[in-house]
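**Q**
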Amino acid sequence: MGATHFLFRASAAVEPFSPPHPSLATFSPALAAELLSVPAIARSMLPAIIAGPTGTGKEVLARALHELSGRQGPFLAVNCAAIAPTLLESELFGYRKGAFTGAIEGRPGLMRAAEGGTLLLDEIADLSMAAQAALLRALQEGEVLPVGATEPVRIDVRVLAATHVDLEDAVAAQRLVLAGDGPIELAHLPESIRRPGAPAAAIPGLRPRQLSAEDLRRRDQVATLLRASRGNVAAVARSLGKARMQVHRWVKRFDLSLADYR
């Protein structure tokens, strides 16, 4: 009679990569590489959009960006889908006493309430295009005009936006203007931020998509500039008049490897 042999293999515990913030711990090497840019984005005053499916930790990342920024003001988060379109300006920009029926006293609005800190606008794509344009104007000018006021008020607030929709598709469908050209730095959130005490999720494969003629032109342009600059992303960004994060996004989208150009 034969004997059955059992082979037991000891397995060492896998340690998470050292994160830039305790709430961003991950076991994924790919995600750890993505998160290397978090401290630089945190120090910037430019608005940033965080994209990722529902439940991936977009607010966790936003709070980490605030805490790493060194800003002393509060962190406030608001779901844009919960703001009635008719109340948008008064909710975001505030209003003066007597500005409308029921305004028995003035309110500063969310952007001024977060003075010196960070305001997260969750589900930004749920805002109308007109509302997004008003918000973008406030960000560009660094001031808001409360409802009923005649003089604008300067603001010091870092604005972060979050959405579960695909940014490129939303811009193409004219659902999102804040991800287009302008003072927007893009932070793309992969689908595997590990919440404390929760298992690490697997990073899914990229959704296959056909490249349009415009995409092919942009890919060739980026590849040519990378070759000329020996993979210098900052130089490519300057040549195109774009943020470095946008160039990194193109590199990932077009399956380019910076190592191939260095």
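In numbering that gives the first Met the number 0, the protein residues as written are 0 to 261.
C-beta: ideal position from N, C-alpha, C; glycine also.
This one's a predicted model, so the numbers in the text were calculated from it and none came from an experiment.
Taking just the CA atoms, how far does arginine 226 sit from methionine 110?
**A** Whole-angstrom Cα-Cα distance: 43 Å.
**Q** Please work out which residues of its chain come closer than 8 Å, Cβ to Cβ, to leucine 255, disregarding the five sequence neighbours upstream and downstream, and give them in chain order.
**A** Counting only Cβ-Cβ distances below 8 Å, and skipping sequence neighbours, we find Arg218, Val221, Ala222, Leu225 and Trp249.
**Q** Are the CB atoms of isoleucine 296 and alanine 160 nearer to each other than 8 Å?
**A** There is no way to answer for residue 296, as the model of the chain reaches only from 0 to 261.
**Q** When the Cα atoms are used, what is the spatial distance from histidine 247 to phenylalanine 92?
**A** Computed Cα separation, rounded: 33 Å.
**Q** Does DSSP put glycine 179 in a helix, in a strand, or in coil?
**A** The pLDDT assigned to glycine 179 is 41, lower than 50, so where the model puts this residue is not dependable, and the model offers no usable value.
**Q** Do you know offhand how far proline 263's Cα is from arginine 237's?
**A** Residue 263 lies beyond the range of the chain shown here (0 to 261); nothing can be said about it.
**Q** Which residues in the same chain have their Cβ closer than 7 Å to the Cβ of isoleucine 154, if we skip the five residues on either side of it in sequence?
**A** Only Met110, Arg111, Glu114, Gly141, Glu142 and Val143 meet the Cβ criterion.
**Q** As a quick exercise: from Pro18, Gly116, Arg95 and Tyr260, pick the residue whose alpha carbon is nearest that of serine 43.
**A** Among Pro18, Gly116, Arg95 and Tyr260, the Cα nearest to that of serine 43 is on Gly116.
**Q** Under the three-state reduction of DSSP, which class applies to aspartate 219: helix, strand or coil?
**A** Helix, per DSSP.
**Q** The beta strand (DSSP E) spanning phenylalanine 287 covers which residue range?
**A** In the structure as shown, the chain begins at 0 and stops at 261. Residue 287 is therefore absent and cannot be evaluated.
**Q** Return helix, strand or coil for arginine 248, following the three-state DSSP convention.
**A** Of the three classes helix, strand and coil, the one that applies to arginine 248 here is helix, per DSSP.
**Q** In the DSSP assignment, find the alpha helix (DSSP H) that holds alanine 47 and state where it starts and stops.
**A** Counting along the chain, alanine 47 falls outside any alpha helix (DSSP H), though it belongs to the beta strand (DSSP E) covering 47 to 50.
**Q** Label glycine 310 either buried or exposed according to how many other C-beta atoms from any shown protein chain fall within 10 Å of its C-beta, with 16 as the threshold for buried.
**A** The shown model of the chain, from 0 to 261, leaves out residue 310, and the question about it has no answer.
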